[in-house]
Each structure stands twice: as C-alpha cells, then as structure tokens.
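In the numbering used here, each residue carries its 1-based index in the sequence shown increased by 30. Idealized CB from N, CA, C, for every residue including glycine. Here the structure is a predicted model, which is why all the values come from computation and not from measurement. Notes follow the structure.
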Amino acid sequence: MLERMRIFWLPSKPVKKLKELPQDAGVYYITALWIVLYVGKAKNLRNRWKTNHHRYQQFKLLHPFGRLHYKVLAASQITSYEKSEITKLRPAWNGTARVTFWNLLCLFVAVWGRVIIYALLLLLAIAAFMYLLMQ
C-alpha cells in the first residue's frame with residue numbers, strides 16, 4: 031500500500047492542463063482518487079498527450095478527479111522503469127485494448143463510492159466536533 035502512495039507525491043496535472051507537462055522523457059500514471067489506473071512512458075511527456083493519446087477519452091471521463099502524475103527520467107531508463115511499475119502496481123487499464131462498459135461502470139462506482147464515503151466521514155467528524163462543542 032505504501033508503495034502505491036509514493037506516486038501521489040510526484041508532480042501532477044489535471045486533465046485540463048496536460049499542455050503544461052514538461053517536454054522531458056518520463057513515466058506517467060493516470061490516477062483518480064488514489065487509484066492507479068494506467069502506467070505509460072514517453073520520450074516527450076507533453077507531446078505524448080498533445081497528440082491524442084489512446085487513453086485520452088477515458089482520462090477525460092475522470093474529470094475532476096483524474097490526474098496525470100509523472101516522473102522525469104533519462105530516455106534510456108523509461109522502458110525498464112515502466113515495466114517494473116506495471117508489474118508492481120498492476121493498473122486496471124494496462125494490458126487492455128480499450129476499456130469496456132463494465133470497466134467504466136466499476137471505475138465509476140469505485141470513484142464515486144470513495145467520494146461518498148469521504149463525504150460521510152467528513153460529516154461524521156463535523157457532527158462529533160459539534161457535539162463536543164455543545165458539551
């Protein structure tokens with residue numbers, strides 16, 4: 031679990047700001063609410079996403095929760111690093127030609143389920159805080 035968390039400390043961009051990615055080689059991760067969905071590599075991160083990436087339409091569906099985290103690496107390192115990350119993380123979208131309706135439905139439930147759980151936990155914390163203030 032902690033292994034996955036390191037990804038969320040990497041620099042990232044939301045779907046709407048992919049044009050601001052660096053023009054460096056690196057490995058990138060498509061994420062939504064602490065779920066790693068896809069790992070890829072690029073010799074130029076900005077150009078890879080500027081030229082209509084094959085996962086772009088799916089990535090757009092994740093807005094506003096989707097983010098593209100990236101790690102800049104030397105071009106000679108990206109292939110081996112990407113392979114090791116896919117092996118470790120086993121992202122849902124890697125190895126699939128395209129995402130099916132059922133995959134998107136599961137993703138929808140996972141993302142919105144987490145949003146609802148976090149909102150309920152926040153409300154519970156606020157209620158507990160209010161209760162303590164009234165005592």
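Beta-carbon proximity check, residue i vs residue j, cutoff 8 Å
i, j, result
"residue 99", "residue 59", "yes"
"residue 76", "residue 51", "yes"
"residue 57", "residue 118", "no"
"residue 46", "residue 80", "no"
"residue 55", "residue 105", "yes"
"residue 37", "residue 66", "yes"
"residue 73", "residue 112", "no"
"residue 85", "residue 123", "yes"
Residue i burial status per 10 Å Cβ neighbour count (16 or more: buried)
i, result
"residue 90", "exposed"
"residue 61", "buried"
"residue 125", "exposed"
"residue 148", "exposed"
Proximity to residue i [Cα-Cα], best of the options
i, options, result
"residue 95", "78, 161, 145, 130", "145"
CB contact below 8 Å: residue i versus chain C
i, result
"residue 131", "This model lacks chain C altogether; it includes just one protein chain."
Own chain, CB closer than 6 Å to residue i, minus 5 neighbours either side, in chain order
i, result
"residue 141", "62, 63, 95"
Distance cut-off 7 Å: residue i Cβ against heavy atoms of the ligand ZN
i, result
"residue 162", "Looking for the ligand ZN in the displayed structure turns up nothing, as the structure carries no ligands at all."
### Message
Going residue by residue through the region 87-150, where are the continuous alpha helix (DSSP H) segments of at least 4 residues, counting only ones entirely within it?
### Response
108-119
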